[in-house]
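A.B. asks: The structure is given below, and queries will be raised subsequently.
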Amino acid sequence: MPENTTPLIANSDTGGSDHGGDDTQKILDWKEAKHQILFSLPMILTNVAYYLIPLASVMFAGHIGELELAASNLANSWATVTGLSFMVGLSGALETLCGQGFGAKLYRMLGIYLQASCLISIFFSVIISILWFFTEPILILLKQDPQISKMSALYIIYLIPGQFAYGLLHNLLRFLQTQSSVYPLVLCSLVPFILHVGITYVLVYCTSLGFVGAPLAVSISLWISVVMLAGYVLFSKEFEDTWQGFSMESFNHVFVCLKLALPSAAMVCLEYWAFELLVLLAGVLPNSEITTSLIAMCVNTEAIAYMFTYGLSAAASTRVSNELGARNTNGAKHAMAVTLKLSIILALAVVLALGFGHNIWAGFFSNSPVIINEYASMTPLLVISIILDSIQGVLSGVARGCGWQHLAMYINLAMFYLIGMPVAVALAFLLKLYAKGLWIGLICGLACQTGSLLLLVYFNKWTRVEFNGSNNLDNVIRV
Numbered sequence: 001m002p003e004n005t006t007p008l009i010a011n012s013d014t015g016g017s018d019h020g021g022d023d024t025q026k027i028l029d030w031k032e033a034k035h036q037i038l039f040s041l042p043m044i045l046t047n048v049a050y051y052l053i054p055l056a057s058v059m060f061a062g063h064i065g066e067l068e069l070a071a072s073n074l075a076n077s078w079a080t081v082t083g084l085s086f087m088v089g090l091s092g093a094l095e096t097l098c099g100q101g102f103g104a105k106l107y108r109m110l111g112i113y114l115q116a117s118c119l120i121s122i123f124f125s126v127i128i129s130i131l132w133f134f135t136e137p138i139l140i141l142l143k144q145d146p147q148i149s150k151m152s153a154l155y156i157i158y159l160i161p162g163q164f165a166y167g168l169l170h171n172l173l174r175f176l177q178t179q180s181s182v183y184p185l186v187l188c189s190l191v192p193f194i195l196h197v198g199i200t201y202v203l204v205y206c207t208s209l210g211f212v213g214a215p216l217a218v219s220i221s222l223w224i225s226v227v228m229l230a231g232y233v234l235f236s237k238e239f240e241d242t243w244q245g246f247s248m249e250s251f252n253h254v255f256v257c258l259k260l261a262l263p264s265a266a267m268v269c270l271e272y273w274a275f276e277l278l279v280l281l282a283g284v285l286p287n288s289e290i291t292t293s294l295i296a297m298c299v300n301t302e303a304i305a306y307m308f309t310y311g312l313s314a315a316a317s318t319r320v321s322n323e324l325g326a327r328n329t330n331g332a333k334h335a336m337a338v339t340l341k342l343s344i345i346l347a348l349a350v351v352l353a354l355g356f357g358h359n360i361w362a363g364f365f366s367n368s369p370v371i372i373n374e375y376a377s378m379t380p381l382l383v384i385s386i387i388l389d390s391i392q393g394v395l396s397g398v399a400r401g402c403g404w405q406h407l408a409m410y411i412n413l414a415m416f417y418l419i420g421m422p423v424a425v426a427l428a429f430l431l432k433l434y435a436k437g438l439w440i441g442l443i444c445g446l447a448c449q450t451g452s453l454l455l456l457v458y459f460n461k462w463t464r465v466e467f468n469g470s471n472n473l474d475n476v477i478r479v
């Protein structure tokens, strides 16, 4: 392995079944855990950097005025709900195809699937861009303030080039991730973020662009990241086996990618939309100003906690897909067990920090004693949801690594929208538990989702996706 690669495939023939006899090794395989932690940390930093790029633009736009702050926040939420989260989900197909292909040593096919997935992302980016052109009438139809809707629509238009870049860069991220080449991702995300701060400042405050300079800076920074990632893939010797140039063959595999990409996108969006729906429901409760702020604070706290889980989810996906590709089922299951233990340890650390410092944390969001006290009363519920979200994040990564996106999609649909949301509505509106009722409903959805995913990984057959012939490097994967 090259120096900048974190190896995740064990060299042992035992498939992870024999890892020492001492007590600590029986509790947690520290060698495996070390590999996964070293893999997770760069992924966490990368995720945080890409999260901060659009957020920084919102902050710069917000300093222009209150209208600009409201419009940029609404536009950023609209972009995430209708486009960016979908792009992230589409790239999940590569976690299965490239991950298992790499484990099976079908290296050439990784580049082919990368190109096919990029074609899919470009196609859906065009569709989403058309939707974004109608942002203003849609927001007005959703009873948003007309002036804010107009400004949000203007903001979103300048995000369209960035939306194309966002889809491409997530495909490149998955391509590198599945080969355990994660350290370059940190450089290719942090450098654009640092540049982004300067670019945004110049465009917003030093040119006539003003407000629209903020989203334009996002687009520029995301394209800088794409160029850096693509340049690294094209010119690094590390990928000479997995990237062998552009090929028309990629068009033949678009539908294979699509069979995994669409369920993967739905899987991501269904969960994300459930959290956004809670904020909307909070807006129609009595004393909506406090309730909405409270739920939004909880959602943001959960999202920040999940950034740490994201690294472990990526490690689980890569580890499992690589091992299944190599036909090492025991190794894949052992890797999942280690990641689950790490996720619980991580969740408990976050929970302890939140338990002792919830008032300090709430103070970052609001100076209101009422909101801080209400947030303190929500903390026990928030603790439960963070633990569940941490476990399901790893299990979802396992599902992507195994190619079970379609099954996870059905689980998310049923657990959040047939159980979680109805319970939330009943508790909040009928039993008048208000914000607590909404969050208890979410916990019910997360608990059922986590339980269902546990049953899935326990009872479902762990096999790699089907390869046509085992010894030909020109083989493709059939889903």
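Going by the UniProt record's numbering, the first residue of the sequence shown is number 1, and it counts up by one from there.
We treat Cβ as the ideally placed atom computed from N, Cα and C, and that holds for glycine.
Does the distance from the CB of Glu323 to the CB of Ala332 come in under 7 Å?
C.D. replies: Yes; because the gap between Cβ atoms is below 7 Å, this pair is in contact.
A.B. asks: I need the straight-line Cα distance from Arg464 to Gly101, nearest angstrom please.
C.D. replies: Whole-angstrom Cα-Cα distance: 9 Å.
A.B. asks: How about the region 26–40 and the region 304–321: do they share at least three Cβ pairs that are nearer than 8 Å?
C.D. replies: Yes: at least three Cβ pairs fall under 8 Å.
A.B. asks: Would Trp439 and Leu352 qualify as a contact pair, given that the criterion is a beta-carbon distance under 7 Å?
C.D. replies: No, the Cβ-Cβ distance between Trp439 and Leu352 is not below 7 Å.
A.B. asks: Which first and last residues belong to the alpha helix (DSSP H) in which His334 is found?
C.D. replies: Unbroken alpha helix (DSSP H) run through His334: 329–365.
A.B. asks: Excluding five sequence neighbours on each side, which residues of the same chain lie with their C-beta closer than 8 Å to the C-beta of Glu68?
C.D. replies: Same-chain partners within the cutoff: Ala61, Gly62, Met151, Phe211.
A.B. asks: Skipping 5 residues on each side, what residues in its chain have a beta carbon closer than 7 Å to that of Ser129?
C.D. replies: If we look at Ser129 and ignore the five residues flanking it on each side, its Cβ neighbours are Ile160, Gln163.
A.B. asks: Is the beta carbon of Ala116 less than 7 Å from the beta carbon of Ser250?
C.D. replies: The answer is yes: Cβ separation under 7 Å.
A.B. asks: Taking 7 Å as the threshold (C-beta atoms), are Gly99 and Thr318 in contact?
C.D. replies: The answer is yes: Cβ separation under 7 Å.
A.B. asks: Report the residue from Gln144, Leu234, Leu278, Trp223 whose alpha carbon sits nearest the alpha carbon of Pro422.
C.D. replies: Of Gln144, Leu234, Leu278, Trp223, the residue nearest in Cα terms is Leu278.
A.B. asks: Assuming Gln405 contacts Met267 (C-beta within less than 8 Å), just tell me the rounded distance between them.
C.D. replies: Yes, they are in contact, since the Cβ atoms of Gln405 and Met267 sit about 6 Å apart, within 8 Å.
A.B. asks: Comparing C-alpha positions only, which one of Gly403, Ala428, Ala303, Ala362 sits nearest to Asn287?
C.D. replies: Answer by Cα proximity: Ala428.
A.B. asks: Helix, strand or coil for Asn287 per DSSP?
C.D. replies: The answer is coil: DSSP assigns Asn287 none of H, G, I, E or B.
A.B. asks: Can you say whether Thr301 is buried or exposed, counting buried as having 16 or more other CB atoms within 10 angstroms of its CB?
C.D. replies: Its Cβ being crowded by 16 or more others within 10 Å, Thr301 is buried.
A.B. asks: Give a yes or no on whether the C-beta atoms belonging to Val350 and Ala305 are separated by under 7 Å.
C.D. replies: Contact flag set, yes.
A.B. asks: Please give me, in chain order, every unbroken run of the alpha helix (DSSP H) with length at least 4 that falls completely inside the region 243–322.
C.D. replies: Correct list: 254–282.
A.B. asks: Which residues in the same chain have their Cβ closer than 6 Å to the Cβ of Leu222, if we skip the five residues on either side of it in sequence?
C.D. replies: Same-chain partners within the cutoff: Gly162, Ala165, Tyr166.
A.B. asks: Give every residue of the same chain whose Cβ lies closer than 7 Å to the Cβ of Phe459, excluding the five residues on either side of it in the sequence, and list them in chain order.
C.D. replies: Cβ within range, chain order: n/a, list empty.
A.B. asks: Taking buried to mean at least 16 other C-beta atoms within 10 Å of its own C-beta, is Phe275 buried or exposed?
C.D. replies: Looking at its Cβ environment, which holds 16 or more other Cβ atoms inside 10 Å, Phe275 is buried.
A.B. asks: Pull up the CB-CB distance for Ile220 and Ile199, whole angstroms please, since I reckon it's below 8 Å.
C.D. replies: Indeed they touch by this definition, with Cβ atoms about 6 Å apart.
A.B. asks: Apply the 10 Å Cβ neighbour rule to Glu289 and answer buried if 16 or more other Cβ atoms are within range, or exposed otherwise.
C.D. replies: Exposed, by the Cβ-count rule.
A.B. asks: Tell me whether Lys237 sits in a helix, a strand or coil according to DSSP, three-state version.
C.D. replies: In this structure, Lys237 counts as helix in the three-state DSSP scheme.
A.B. asks: Could you tell me the distance, in whole angstroms, from the CA atom of Arg108 to the CA atom of Lys432?
C.D. replies: So the alpha carbons of these two residues sit roughly 58 Å apart.
A.B. asks: Kindly indicate which three-state DSSP category Val457 falls into: helix, strand or coil?
C.D. replies: Reduced to three states, the DSSP call for Val457 is helix.
A.B. asks: Would you kindly check if the distance between the Cβ of Val218 and the Cβ of Ile53 is under 7 Å?
C.D. replies: Yes.
A.B. asks: If Gly403 sits next to Val320, beta carbons under 8 Å apart, how far is it from one beta carbon to the other, in whole angstroms?
C.D. replies: Actually they are not in contact, since the Cβ atoms of Gly403 and Val320 sit about 10 Å apart, beyond 8 Å.
A.B. asks: Would you say Leu142 and Leu270 are within 7 Å of each other, going by their C-beta atoms?
C.D. replies: Going by C-beta atoms, Leu142 is not nearer than 7 Å to Leu270.
A.B. asks: Would the region 328–347 count as touching the region 256–267 if we require 3 or more Cβ pairs under 8 Å?
C.D. replies: At 8 Å Cβ cutoff, the stretches do not touch.
A.B. asks: Can you list the beta strand (DSSP E) stretches of 3 or more residues lying completely in the region 49–111, in chain order?
C.D. replies: List check, beta strand (DSSP E) in window: nothing returned.
A.B. asks: Suppose the cutoff is 7 Å on Cβ atoms and the five residues either side in sequence are ignored; what does the same chain contact list for Thr292 look like?
C.D. replies: Taken in chain order, the residues that qualify are Val279, Ala282, Gly283.
A.B. asks: Phe246: buried (16+ other C-beta within 10 angstroms of its C-beta) or exposed?
C.D. replies: Result: exposed.
A.B. asks: Roughly how far, in whole angstroms, is the beta-carbon of Leu446 from the beta-carbon of Leu388, given that I think they are within contact range, below 8 Å?
C.D. replies: About 4 Å; that satisfies the 8 Å criterion.
A.B. asks: Just curious, the alpha helix (DSSP H) that Lys150 is in, first and last residue?
C.D. replies: Run containing Lys150: 146–157, per the alpha helix (DSSP H) assignment.
A.B. asks: Tell me the residue span of the alpha helix (DSSP H) that contains Ile419.
C.D. replies: Counting along the chain, Ile419 falls outside any alpha helix (DSSP H), and DSSP gives it neither H nor E.
A.B. asks: Rounded to the nearest angstrom, what separates Ile443 and Leu418 at their Cα positions?
C.D. replies: Roughly 13 Å between the two C-alpha positions.
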